[in-house]
Each structure stands twice: as C-alpha cells, then as structure tokens.
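In the numbering used here, the protein residues as written are 229 to 488. First up is the structure itself, then whatever we jot down about it.
This is the structure in structure tokens:
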C-alpha cells in the first residue's frame, strides 16, 4: 500500500479500491477549504458589502381594470389589449338623404350656367304676351256669354216702329233681325201682320266667331225726306235702307246725307 492511503489499485475487484479512495478525496477538499478561510482572515482588503436588492412584483392587467400610471400632472392608462377596430356604421335614411342632397348640390353647382339679362327680358315679354292672350280670350268669352243671354242662338233681335207701312201707333210694324249662319236678314211685319211679311237681305259675314255676331236695326231719316229709314247695325258697321213706296231698299252712294 502506498503512503497516505489515498489510492488503492486492485486488479481483482474495483469495489474495494473505490471504498478507500472516497475518504481520501473528502479529506483533501476539507483541507483546501480550511486554507482558503485562513487566507481570507489574514487579507487586509475590505470588500464592499452587497447592495440590497428588491424585486418588483408586476401585476397582471385585466381588461376590466387597466393599469393607471401617474407622472406629475399626466396620467397614463395601460390596456392589455390593442384598441378595437372601428367598424363603419350604416347611416340612417335621413343621413343618407342629406348626404345625397349635398353631393348632388356639389356636383350641380359648378355646372350652373350664368344667365344673361336678355333671358329675363324675353321671359318677361312672353309672360306679358301670355297674359294679354289670356285676357283677350276671357273678354271674348264674356261678351259671347252676354250675347247668348240677350240674343240667343241664332242671334235674333226684335223691335217695333211706326214707319208708314199700313201701321199706326196702336199697331206698329214689327221687325225681326236675325243672323242665320252668317247671313243677316230683316223680316218686316207691316202693321204687325206677318201674313204680308217683307224680307230684306243684309250682308254675309266672314271671319271667326261671326256666326254669333248679333245684328240690330234702328230707324231715322237718312236722306232728309221726312220718312224714317232703316239702319242695320253689325258691330261697328252700318247699312242704310231708304223708305220708299211702302218698303225699304238699299241706299245708293250719295243718297245718305250727314252722318248716322
């Protein structure tokens, strides 16, 4: 066996050699630690003391209670989750209509042409023309309506007069003026007796609405012979029939004296 008994080698069995080697190794480690402690005690250097350490325990944040950090006058709120994505909400019908009106106004506003002053003048003249035409039509309608009430259809006018044709104040002659399909006729019943009726043909009327134009008769001395003559009135026209030999005849040019 070697000196110190630190190691024992045996070719037969390895178990007995390991049993002797383990105590020797433990003794060597213990000797090294004792030597190190003696050196530290004899060392004059002073090692700094270990700084105190602290561990901060972080608190897990929940979505219901986010962490609040205050720094001076500012306050920070920490949320554990990212901010939610904004979803486009469907506009209400009223907002959609207002937005559509604004878009239409914005699109139509630049394309609005500038109106010239003559345009307003032309529109005013057309309005005046339409007003005048409407007024004329209304006046004509009112005149025709009044003639319907007074003369009827066909237009008929009647009167009595003493003209010296077998008549008298008690039995005057009866005259009927009629516009029958634009043909003016005057019928005389001498002394009120229509069995001896006389028919005088007047003018033929032309133009729009002349079929409803009334014809009237009056009596006055047109040639100065002292006898009443017959005057046919058609609007602003006059036709004279002279009283001669118990009946009337159309006057010739130059036979009528003065103005009627």
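Every residue gets a Cβ at the ideal spot worked out from N, C-alpha and C, and that includes glycine. On a predicted model such as this, the values are computed, not experimentally measured, just so you know.
Residue(s) in a DSSP beta bridge with residue i
i           : result
residue 405 : 385 and 414
residue 296 : 305
residue 448 : 457
residue 477 : 470
residue 429 : 413
residue 397 : None, per the DSSP bridge assignment.
Beta-carbon proximity check, residue i vs residue j, cutoff 8 Å
i           : j           : result
residue 373 : residue 404 : no
residue 432 : residue 411 : yes
residue 391 : residue 434 : no
residue 420 : residue 402 : yes
residue 418 : residue 426 : yes
residue 473 : residue 455 : no
residue 445 : residue 414 : yes
residue 375 : residue 409 : no
Through-space distance from residue j to residue i, alpha-carbon basis
i           : j           : result
residue 388 : residue 416 : 10 Å
residue 346 : residue 354 : 12 Å
residue 441 : residue 352 : 35 Å
residue 451 : residue 436 : 34 Å
residue 395 : residue 364 : 45 Å
Where residue i falls: helix, strand or coil (DSSP)
i           : result
residue 357 : helix
residue 346 : helix
residue 468 : strand
residue 249 : Note that residue 249 scores 46 on pLDDT, short of 50, meaning its location in the model is unreliable; the coordinates nonetheless yield the value given after this. Three-state result, residue 249: helix.
residue 240 : Confidence at residue 240 is low in this model, with a pLDDT of 42, below 50, so its placement is unreliable and no value can be given for it.
Whole-angstrom C-beta distance between residue j and residue i, which should lie under 8 Å
i           : j           : result
residue 469 : residue 457 : 6 Å
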